[in-house]
Amino acid sequence: MATRLKYDEVEAGTELPPLTVPVTRATLVQYAGASGDFNPIHWNEKFAKEVGLPDVIAHGMFTMASAIRVVTDWAGDPGAVVEYGVRFTKPVVVPNDDKGAVIEVSGKVAAKLDDEARTVRVDLTVTAGGQKVLGQPRAVVQLA
Amino acid sequence: MPLDQSFVGRTYPPTEPYEVGREKIREFAEAIGDANPAYTDQRTAKALGHPDVIAPPTFPFAITYRAAAQVVNDPDLGLDFSRVVHGDQKFTYIRPVHAGDRLSVTCAIEAIKSMAGNDFITITGTVHDQYGGHVVTSTMMLVVRAAEGE
Numbered sequence: 001m002a003t004r005l006k007y008d009e010v011e012a013g014t015e016l017p018p019l020t021v022p023v024t025r026a027t028l029v030q031y032a033g034a035s036g037d038f039n040p041i042h043w044n045e046k047f048a049k050e051v052g053l054p055d056v057i058a059h060g061m062f063t064m065a066s067a068i069r070v071v072t073d074w075a076g077d078p079g080a081v082v083e084y085g086v087r088f089t090k091p092v093v094v095p096n097d098d099k100g101a102v103i104e105v106s107g108k109v110a111a112k113l114d115d116e117a118r119t120v121r122v123d124l125t126v127t128a129g130g131q132k133v134l135g136q137p138r139a140v141v142q143l144a
Numbered sequence: 001m002p003l004d005q006s007f008v009g010r011t012y013p014p015t016e017p018y019e020v021g022r023e024k025i026r027e028f029a030e031a032i033g034d035a036n037p038a039y040t041d042q043r044t045a046k047a048l049g050h051p052d053v054i055a056p057p058t059f060p061f062a063i064t065y066r067a068a069a070q071v072v073n074d075p076d077l078g079l080d081f082s083r084v085v086h087g088d089q090k091f092t093y094i095r096p097v098h099a100g101d102r103l104s105v106t107c108a109i110e111a112i113k114s115m116a117g118n119d120f121i122t123i124t125g126t127v128h129d130q131y132g133g134h135v136v137t138s139t140m141m142l143v144v145r146a147a148e149g150e
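Protein sequences, first through last, are from chains A and B.
Counting with the numbering used here, you get residues 1 to 144 for the letters of the first sequence.
Counting with the numbering used here, you get residues 1 to 150 for the letters of the second sequence.
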């Protein structure tokens with residue numbers, strides 16, 4: 001049973017458990033179907049290369065969805081997220097092999113924002129192949 | 001041609017309601033590889049104080065993005081979608097989306113900027129439920145890359 005993390009148990013600098021997310025072409029096809037985003041740059045290598053990309057790339061929204069899992073797993077209640085924003089700075093290139101790509105997510109509490117509202121800001125770091133793929137990925141979370 | 005600044009502030013009519021189903025949430029959660037039981041198990045969701053299973057934080061994008069087609073395809077605005085890249089995305093939540101919600105989106109153009117031949121257009125999607133309650137606002141910045149030769 002899920003329990004909600006308490007504001008008093010958290011300090012600025014607290015590190016969240018990191019997460020590793022493997023991404024293959026199959027992952028992207030499944031995400032396309034579930035999200036309704038069928039842009040061919042996410043599944044058609046020929047098309048992706050024609051528009052100047054190195055290969056098929058992951059949906060930015062897939063990466064954004066993966067990154068916030070670090071926060072929702074930690075907070076206990078995914079409904080605790082009150083604000084979440086990212087910039088899409090680098091694509092996650094997903095080659096057509098059995099390995100695909102790997103998204104690495106880590107996060108830490110950057111600040112306790114409001115003792116009354118029990119909100120904290122979490123800053124995330126999201127990389128693939130050793131490079132940051134999201135700019136300023138941040139969430140504001142309301143704890144118990 | 002840069003996008004017309006006079007479109008800033010333009011608001012589009014609310015979309016027909018999108019009904020959020022439990023199985024759609026499950027499908028989405030599986031697609032992002034997220035096994036959090038709040039998305040699939042009603043008992044867990046209720047124990048956390050939600051009326052039904054809730055949707056992952058980025059789920060509303062599927063609805064707001066579809067709604068933004070009104071802006072993207074507005075012939076008066078004349079945006080060339082083949083040159084569009086998703087630049088930034090932000091969500092501000094009043095509460096999480098849950099199964100049973102009937103969500104309507106009101107899109108507005110918040111900002112248009114031009115730099116080095118690229119256009120940057122910020123579109124907000126304000127999401128309301130069937131009772132008129134504000135659920136979440138999506139703020140999406142699209143980059144329209146300069147056409148070749150410009």
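Ideal Cβ placement from N, Cα and C applies to all residues, glycine included.
None of these values were measured; they are calculated from a predicted model.
Exposure of B:S6, with buried meaning 16 or more beta-carbon neighbours within 10 Å: Here residue 6 of chain B refers to the residue found at position 6 of the second sequence. Counting the other CB atoms within 10 Å of its CB gives B:S6 a total below 16, which places it among the exposed residues.
Neighbour flag for A:T119 against chain B, beta carbons, 8 Å: Translated into positions along the first sequence, residue 119 of chain A becomes position 119. Output row for A:T119: interface = no.
Opening and closing residue of the alpha helix (DSSP H) in which B:T15 lies: By one-based count along the second sequence, residue 15 of chain B stands at place 15. B:T15 -> no alpha helix (DSSP H), and no H or E assigned at all.
Cβ-Cβ separation, A:L28 to A:W43 (assumed contact under 8 Å), whole Å: Translated into the one-based positions of the first sequence, residue 43 of chain A becomes position 43. Translated into the one-based positions of the first sequence, residue 28 of chain A becomes position 28. A Cβ-Cβ separation of about 6 Å places A:W43 in contact with A:L28 under the 8 Å criterion.
Span separating the alpha-carbon of B:M141 from that of B:I109: Residue mapping note: residue 141 of chain B aligns to position 141 of the second sequence, counting from 1. Residue mapping note: residue 109 of chain B aligns to position 109 of the second sequence, counting from 1. If you take the alpha carbons of B:M141 and B:I109, they lie about 10 Å apart.
Among A:D73, A:M64, A:D77, A:G79, nearest to A:K90 - alpha-carbon criterion: Numbered from 1 along the first sequence, position 90 holds the residue referred to as residue 90 of chain A. Residue A:M64 is the option with its Cα nearest to A:K90.
At least 3 beta-carbon pairs within less than 8 Å: the region 38 to 48 of chain B vs the region 105 to 119 of chain B: In this structure the region 38 to 48 of chain B does not lie against the region 105 to 119 of chain B, because fewer than three pairs of beta carbons, one per stretch, are closer than 8 Å.
The region 9 to 22 of chain A contacting the region 5 to 25 of chain B, beta-carbon criterion three pairs below 8 Å: Judged by Cβ distances under 8 Å, the region 9 to 22 of chain A makes no contact with the region 5 to 25 of chain B, as fewer than three pairs qualify.
Rounded Cβ spacing between A:E7 and A:L143 (contact assumed at less than 8 Å): Position 7 of the first sequence holds residue 7 of chain A. Position 143 of the first sequence holds residue 143 of chain A. Contrary to the premise, residue 7 of chain A reads as Tyr rather than Glu in this sequence. Contact between A:Y7 and A:L143 holds, with the beta-carbon distance rounding to 4 Å and staying under 8 Å.
Member of A:R4, A:A117, A:M61 whose CA lies at the smallest distance from the CA of A:F88: Position 88 of the first sequence, counting from 1, holds the residue named residue 88 of chain A. For the set A:R4, A:A117, A:M61, the Cα lying nearest the Cα of A:F88 is the one of A:M61.
Delimiting residues of the beta strand (DSSP E) encompassing A:Y84: Here residue 84 of chain A refers to the residue found at position 84 when the first sequence is read from its first residue. Unbroken beta strand (DSSP E) run through A:Y84: 81 to 88.
Segment contact, 8 Å Cβ cut-off, at least three pairs: the region 90 to 105 of chain B with the region 60 to 68 of chain B: With the cut-off at 8 Å, the region 90 to 105 of chain B and the region 60 to 68 of chain B touch.
Among A:V56, A:G135, A:V141, A:E9, the one whose alpha carbon lies nearest that of A:V94: For the purposes of this step, residue 94 of chain A is taken as residue 94 along the first sequence, with counting starting at 1. Comparing Cα positions, the closest option is A:V56.
Collapsed DSSP secondary structure at A:P95 in the structure displayed: Looking up residue 95 of chain A in the first sequence gives position 95. In the structure shown, A:P95 sits in coil (DSSP, three-state: anything other than H, G, I, E or B).
Bridge-paired residues (DSSP) for B:V136: As a position in the second sequence, residue 136 of chain B is number 136, starting the count at 1. According to DSSP, which records beta bridges pairwise, B:V136 is partnered with B:Y93, B:V127.
Residue range of the unbroken beta strand (DSSP E) whose run includes B:Q5: Taking the second sequence and counting its residues from 1, one reaches residue 5 of chain B at position 5. If you look at B:Q5, you'll find it isn't in any beta strand (DSSP E); DSSP assigns it neither H nor E.
A:T125, DSSP secondary structure in three states: The residue labelled residue 125 of chain A in the question sits at position 125 within the first sequence. Under the three-state reduction of DSSP output, A:T125 falls in the strand class.
Cβ distance (whole Å) where B:G21 is taken to contact B:A99 below 8 Å: Start at 1 with the first residue of the second sequence, and residue 21 of chain B comes out as number 21. Start at 1 with the first residue of the second sequence, and residue 99 of chain B comes out as number 99. Confirmed, about 6 Å.
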